[in-house]
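Undergrad:
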Amino acid sequence: MKKLSARRRHPLAAFVVLLLALAATGGLYTAFAPADKAQAEETAQSLAIEEGKKLYAVGCSSCHGTGGQGSSDGPSLVGVGSAAVDFQVGTGRMPLQQPGAQAPRKKVIYTQAEIDQMAAYIASLGAGPTTPTAKQYSPEGADIANGGTLFRNNCAQCHNFTGEGGALTNGKYAPHGR
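Everything in the sequence shown is counted per the numbering used here, starting at 970 for the first residue and increasing by one.
#1: DSSP three-state call for Ser-1045: helix, strand or coil?
#2: Who are the Cβ neighbours of Val-1077 in its own chain at under 6 Å, not counting the five residues just before and after it?
#3: Taking Cβ to Cβ, would you say Glu-1024 is nearer than 8 Å to Glu-1083?
#4: Mapping DSSP to helix, strand and coil, what is Tyr-1079?
#5: Per DSSP, which one or two residues make a beta bridge with Ser-1040?
#6: What's the C-alpha gap between His-1145 and Gly-1135?
#7: Note the first and the last residue of the continuous alpha helix (DSSP H) segment covering Gly-1050.
#8: May I ask you to check if the CB of Gln-1067 is nearer than 7 Å to at least one heavy atom of the ligand FAD?
#9: Short of 8 Å in beta carbon distance, which residues of its chain neighbour Ala-1026, apart from the five on each side in sequence? Order them along the chain.
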């Protein structure tokens, strides 16, 4: 009489056990992991973009187009980044009171939170320069002598050697710093 051989496992049994263990580990991690900070930041950014889009529709779209693509009354804002919005709106240059050779500085009509929201919306239209942080333009630890050389070589022609602005052609002028 033949002896019954020991029962053999199916060749894929180890693979199935491994998959089940990985699925259980992933499920437990998902259930017990702390809330994802990146997801919270993404949600906040999405809200800022939506609020900025609303502000843009009211205050900017008549000149720059409904999608920021530009029109005969204003240039495209696609790819200008948040830094352009921070400067133009944050100094009161935008929205324009009337068309002209240059947008003069005037009283700012938006709060900083609203400017940040519009900047988030414009930045979402296409990559561009981001608004610098205070740490990025802080003179602490900076090479001031090198900064002076860079300014004199690249900026002083228009902005004057004192940084107070200067006259340009066709009724334009280089503004002074904020």
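Cβ atoms here follow ideal geometry from the backbone N, Cα and C, with glycine treated the same way.
Predicted model only: the values in this text are computed from it and were never measured.
TA: Walking through what the data contain:
#1: It is coil, neither helix nor strand.
#2: In the same chain as Val-1077, and ignoring 5 residues on each side of it, the C-beta atoms closer than 6 Å to its own belong to Gly-1061, in chain order.
#3: It should be noted that the sequence gives Leu, not Glu, for residue 1024. In this structure, Leu-1024 places its C-beta atom within 8 Å of the C-beta atom of Glu-1083.
#4: Tyr-1079: coil per DSSP, three-state reduction.
#5: For Ser-1040, which the question treats as bridged, DSSP gives the partners Gly-1043.
#6: A straight line joining the alpha-carbon of His-1145 with that of Gly-1135 spans about 8 Å.
#7: 1050-1059 is the span of the alpha helix (DSSP H), which, as asked, contains Gly-1050.
#8: With respect to small molecules bound, the structure shown includes none, and the ligand FAD cannot be examined in it.
#9: Once the five neighbours on either side are set aside, the close Cβ partners of Ala-1026 are Thr-1035.
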